[in-house]
Amino acid sequence: HTQDKPSKTTTPMRVRLSPHHRLLLLLLFSASALLVARTRRGRGGAQQQLAQLVAVRQETARPGSRRKAPGLALAGLRRGAWGLRPCAETKGEGKTRRKPISGKGSEFNPGDPWTIPDFAPSKRTFKCLSYNETYEADDGKEVISVDGLVPGSSLHISHWNDNKTPGQLYSDLSTEIALRFIKTAASRKTEWDTAVVVNNHFDTDGVCSAFTLLKPDIAWKHRRLLVDAAAVGDFNEWPRMDINALKLHGAIEAIAQEGKTDAERYDLVLPRMPSLLNDIDKYESLWGGYMQEIDRGLRNMKALNEEIYSLYNDNSIGVVLLPYGMPEIPSVVLSKNFGFDTDRFLIGKCQERDTEKYKYSYSMKGHAWAPVKQRPQLKKPYVEKIQLEMKELTGVEWNPTGGLTGLLETDSAVDMDPELVVEGLARCDSTLRTLEKLEKILNKIQDPLAVKSSDVLSDELLKKEKKKLRY
3 HTQDKPSKTT TPMRVRLSPH HRLLLLLLFS ASALLVARTR RGRGGAQQQL AQLVAVRQET
63 ARPGSRRKAP GLALAGLRRG AWGLRPCAET KGEGKTRRKP ISGKGSEFNP GDPWTIPDFA
123 PSKRTFKCLS YNETYEADDG KEVISVDGLV PGSSLHISHW NDNKTPGQLY SDLSTEIALR
183 FIKTAASRKT EWDTAVVVNN HFDTDGVCSA FTLLKPDIAW KHRRLLVDAA AVGDFNEWPR
243 MDINALKLHG AIEAIAQEGK TDAERYDLVL PRMPSLLNDI DKYESLWGGY MQEIDRGLRN
303 MKALNEEIYS LYNDNSIGVV LLPYGMPEIP SVVLSKNFGF DTDRFLIGKC QERDTEKYKY
363 SYSMKGHAWA PVKQRPQLKK PYVEKIQLEM KELTGVEWNP TGGLTGLLET DSAVDMDPEL
423 VVEGLARCDS TLRTLEKLEK ILNKIQDPLA VKSSDVLSDE LLKKEKKKLR Y
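In the working numbering, the protein residues as written are 3 to 473.
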């Protein structure tokens, strides 16, 4: 406001600051200047990125332009560290096929986990091949390998060892990977929506992951049930989210018994999956027998818990001693009883009434064979070392067992106190034995006098065992 008032001259007031106050003001001004500079720089960068995106979209929409917008899964292209590049190709007998997409897989970003995608009916088809058979695509369609690894596929939806599943999609189960895939925008593009889905074996995880790609709208509604059923089948885990997963797994196994080959089993199971998911309780004739085994196992485990001497849990080894005549307890029930704190199981079956003669089987947890991400990665124990020490302790041969998680089993009954067997096994199979310790022994880094004679085996044997170790 301007007023006709005589102006007054004022003398400026001077304030004397101590050195400490001057330093404080200097730091405050410097921080303010830095904050302002960063804000301007961030605005400029955002405006520049927005301008680039608009330019790309305009160029994409321009008639005659060949450039594609980034973030799309393009046939024959994949995203690497420096943008999209052609897929590597391998030449077969007169035919050319692409290698599977590998790496992080930026084009397969599932996006916000809380966003529900808008699914449309998929045009994908399914084919079951024999193990080690290569799929030769004559029509130029993309090939998606689910669960198993099929040579000739252009994308892996698999948790098997040596898989090339993109990092953006990877999870512990193939069904989880398939659910992440159908959430991506790339999965709804023509090249992937019309792809051929292939597998080379039959199991519950293979069925659930294949069904997810064939019927994504139905699979998404029942995703918790599908994931838990896959975990029951592949990892022998008790369901975490939906108890009906036990029934679904039992129904799938019952239907599969009608087929002679894996291809026939898929033809029988996949068409019935929608009805099984919508009302699994209606199919008691399929899952009734399996659930009776589960119920019997739960009752037997409860009886063992009431008798403390029959159930041990030493270190990371879950130990169950079955009385004479009691059937084996299903692995799913063992998973429910011991939870996640147990790495391995020692199961003893009494061979004679009113004695302590047991035949033992030693195995790892159900997911030990898979390169898991959410679950703890389990170390494989030093099997040949355990064989030598347990034979010396019990006087009975401990032979390697087959399967993905089997370790050792006795060829005859062990006639000694079971507690001594458990203590001896826990002592010679310490989970602290790692690859580094074996390397120290192998390379003789440690003082030879400090190494126990029981730890020193031949160099050839140690090299062989070191290759088997897996983290």
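Don't be surprised by glycine CBs; every beta carbon is placed ideally from N, CA and C.
Can you check which of these residues, the options, is closest to residue i by C-alpha distance?
| i | options | result |
| --- | --- | --- |
| Glu354 | Glu193, Leu278, Val416 | Val416 |
| Ser132 | Asn163, Thr167, His203 | His203 |
| Tyr137 | Arg274, Val200, Asp345 | Val200 |
| Tyr172 | Leu28, Pro241, Val148, Ser155 | Val148 |
| Glu352 | Phe342, Val335, Val322 | The sequence given here has Cys at residue 352, not Glu. That would be Val322, whose Cα lies nearest to the Cα of Cys352. |
| Thr177 | Ala231, Ala188, Glu193 | Ala231 |
| Asn302 | Asp244, Arg377, Leu324 | Leu324 |
| Lys125 | Val152, Thr214, Ile159 | Thr214 |
| Arg242 | Asp264, Val335, Met418, Val398 | Val335 |
| Cys210 | Tyr326, Phe342, Leu390, Ala253 | Ala253 |
| Glu358 | Pro420, Lys304, Lys375 | Pro420 |
| Ile282 | Leu181, Ile245, Phe347 | Ile245 |
| Met293 | Pro276, His251, Val398 | His251 |
| Gly299 | Pro383, Lys338, Leu270, Gln259 | Lys338 |
| Tyr364 | Asp345, Thr263, Gly150 | Asp345 |
| Gly397 | Leu279, Leu25, Leu422 | Leu422 |
| Gly408 | Met392, Met366, Phe340 | Met366 |
| Ala188 | Phe121, Val38, Lys393, His22 | Phe121 |
| Gly274 | Leu216, Pro153, Arg429 | The sequence as given places Arg at residue 274; Gly does not occur at that position. It is Leu216. |
| Arg429 | Val229, Ser318, Asp195 | Ser318 |
| Ala139 | Leu151, Ser155, Cys130, Gly150 | Ser155 |
| Leu181 | Gly142, Lys223, Asp141, Ala35 | Lys223 |
| Ile349 | Glu330, Asn134, Pro402 | Glu330 |
| Gly320 | Ala35, Asn307, Met328 | Asn307 |
Could you tell me the alpha carbon to alpha carbon distance between residue i and residue j, rounded to whole angstroms?
| i | j | result |
| --- | --- | --- |
| Glu386 | Leu410 | 10 Å |
| Ala256 | Gly169 | 35 Å |
| Trp289 | Pro332 | 15 Å |
| Thr167 | Gly368 | 21 Å |
| Gly426 | Pro378 | 25 Å |
| Asp219 | Ile146 | 18 Å |
| Asp236 | Pro119 | 28 Å |
| Gly405 | Asp343 | 22 Å |
| Ala212 | Gln376 | 22 Å |
| Asp413 | Lys381 | 25 Å |
| Ile184 | Ile159 | 11 Å |
| Lys192 | Ala370 | According to the sequence shown, residue 192 is Thr rather than Lys. If you take the alpha carbons of Thr192 and Ala370, they lie about 37 Å apart. |
| Leu551 | Leu248 | No statement about residue 551 is possible, as the shown extent of the chain runs from 3 to 473 and does not include it. |
| Asn165 | Glu266 | 26 Å |
| Leu227 | Thr186 | 21 Å |
| Gln389 | Lys304 | 32 Å |
| Glu295 | Val229 | 22 Å |
| Ala39 | Leu30 | 14 Å |
| Ser34 | Phe110 | 41 Å |
Under a three-way DSSP split, which group does residue i fall into?
| i | result |
| --- | --- |
| Asn401 | strand |
| Leu26 | helix |
| Leu410 | strand |
| Lys361 | strand |
| Leu451 | No answer about Leu451 holds up, because its pLDDT of 47 lies below 50 and its placement is not dependable. |
| His366 | Going by the sequence as given, residue 366 is Met instead of His. Strand, per DSSP. |
| Phe110 | helix |
| Asn202 | coil |
| Phe474 | Residue numbering for the chain in the displayed model covers 3 to 473; residue 474 lies beyond these limits and cannot be assessed. |
| Ile331 | coil |
| Val38 | helix |
| Val322 | strand |
| Val416 | strand |
| Phe31 | helix |
If I'm right that residue i touches residue j with Cβ under 8 Å, what's the distance once you round it to whole angstroms?
| i | j | result |
| --- | --- | --- |
| Asp207 | Leu175 | 6 Å |
| Phe128 | Tyr268 | 7 Å |
| Ala197 | Glu144 | 4 Å |
| Pro383 | Asp431 | 5 Å |
| Leu270 | Ala258 | 7 Å |
Whole beta strand (DSSP E) elements within the segment 124-190, 3-residue minimum: The beta strand (DSSP E) runs lying completely inside the segment 124-190 and spanning 3 residues or more are 127-130, 145-148, 157-159, given in chain order.
In the segment 217-272, which residue ranges form an unbroken beta strand (DSSP E) of at least 3 residues, counting only runs that do not cross its ends? Fully contained in the segment 217-272 is no beta strand (DSSP E) run of length 3 or more.
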